[in-house]
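Engineer: The structure under discussion is supplied below as structure tokens; questions concerning it will follow.
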Amino acid sequence: MAADSRNVVQLIADDLGLMLGCYGLTAVRTPNIDKLAAQDTKFTNAFASTASCSGSRSTIYTGLHTHQIGQYGLNHGWNHFQTHEHIETAPQIFNSLGYLTGIIGKVHVGPRSVYPWEWYAPGETRNVREVARQTGEFFNAAKNFNQTRPEEGSGIKMMTFETFHSQTTSRRMWTSAFSQHIPELRTGLVEYYKAITRMDIGVGLIMNELEMRGLHHNTLVIFISDNGSPFVNS
């Protein structure tokens, strides 16, 4: 990530609807995402053309419908629910423009030959500290991209999860009138809200890292979700 060129950071939430403070939710606080929404452009009618993880992510990376690219369902090689080899994808385009591309966390599209991210760190962890650490390693590699190809980073000093966590407080939980007397639904919603809180903390860690490196003014940050929220406790 060079200081004299526009960088792009795309953050994709998993199974998130409009459950954010910037869209009116008061049950949990999402200050970091709310700050992005207040300073920049917020969309209220923008969505992918399919409501499953692999399908929606493939449409985000290609700009095409799933029936055009072959990613009809969840990413599996044996039934070829994967993107066709001839499809052009975002990492291909960015690679051709000289960017160092990378993906950290959930991938859920394939095959690798069609999505050739150069820094590849897939994972399903919910530990935002680990994701932030891996993101820092990518920033290190990107900073030195003009000199060497990326290698495994050695880690960096970042604001810790506990620092952000200590700034958060619990709030009254909103529940639908139809679910107030179903304990399982209330429990599921509480866990969902906790996941949203962790996600917002992770966004804050990444934004803080960009600012510490002086990259926040020339970096385009895109925060989106792959698809809407599932039925509670499903």
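Under full-length UniProt numbering, the first residue of the sequence shown is numbered 1, with each subsequent residue one higher. For every residue, glycine included, the Cβ atom is placed at its ideal position computed from N, Cα and C.
Can you tell me whether Phe-139 is helix, strand or coil according to DSSP?
Structural biologist: The residue labelled residue 139 in the question sits at position 139 within the sequence shown. In the three-state DSSP reduction, Phe-139 falls in the helix class (H, G or I).
Engineer: If I follow the unbroken alpha helix (DSSP H) through Tyr-120, where does it start and stop?
Structural biologist: Reading the sequence shown from its first residue, position 120 is the one you call residue 120. Taken as a continuous stretch (DSSP letters only), Tyr-120 belongs to no alpha helix (DSSP H), being part of the beta strand (DSSP E) at 119-122.
Engineer: Which of the three DSSP states, helix, strand or coil, is assigned to Ile-87?
Structural biologist: For the purposes of this step, residue 87 is taken as the residue at position 87 of the sequence shown. Ile-87: coil per DSSP, three-state reduction.
Engineer: Which value, in whole angstroms, describes the spacing of the CA atoms of Met-212 and Leu-100?
Structural biologist: Stepping through the sequence shown from its first residue, residue 212 is reached at position 212. Stepping through the sequence shown from its first residue, residue 100 is reached at position 100. Rounded to whole angstroms, Met-212 to Leu-100 spans 20 angstroms at the Cα level.
Engineer: Roughly how many angstroms lie between the CA atoms of His-84 and Val-107, to the nearest whole one?
Structural biologist: Here residue 84 refers to the residue found at position 84 of the sequence shown. Here residue 107 refers to the residue found at position 107 of the sequence shown. Whole-angstrom Cα-Cα distance: 16 angstroms.
Engineer: Taking the alpha-carbon of Asn-208 as reference, which of Pro-230, Ile-224, Arg-133 and Arg-186 has the nearest alpha-carbon?
Structural biologist: Here residue 208 refers to the residue found at position 208 of the sequence shown. Measuring from the Cα of Asn-208, the nearest candidate turns out to be Arg-133.
Engineer: Just curious, the alpha helix (DSSP H) that residue 237 is in, first and last residue?
Structural biologist: Any property of residue 237 remains undetermined from this structure, which presents the chain solely from 1 to 234.
Engineer: What residue from Asn-227, Gly-228, Glu-191 and Ile-206 has the CA that sits closest to Val-28's CA?
Structural biologist: Taking the sequence shown and counting its residues from 1, the one referred to as residue 28 is at position 28. Checked all of Asn-227, Gly-228, Glu-191 and Ile-206; the closest Cα to Val-28 is Glu-191.
Engineer: DSSP puts Asn-7 in a beta bridge; with which residues?
Structural biologist: The sequence position of residue 7 within the sequence shown is 7, counting from 1. Partner(s): Thr-219.
Engineer: Would you check if the stretch 66-78 and the stretch 23-43 touch, i.e. whether three or more CB-CB distances between them fall below 8 angstroms?
Structural biologist: no
Engineer: Using C-beta distances below 6 angstroms, list every residue in its chain close to Tyr-72, excluding the 5 sequence neighbours before and after it, in chain order.
Structural biologist: Taking the sequence shown and counting its residues from 1, the one referred to as residue 72 is at position 72. The answer, listed in chain order, is Thr-66 and Phe-81.
Engineer: Any contact between the stretch 88-97 and the stretch 121-132? By contact I mean 3 or more CB pairs, one from each, below 8 angstroms.
Structural biologist: With the cut-off at 8 angstroms, the stretch 88-97 and the stretch 121-132 do not touch.
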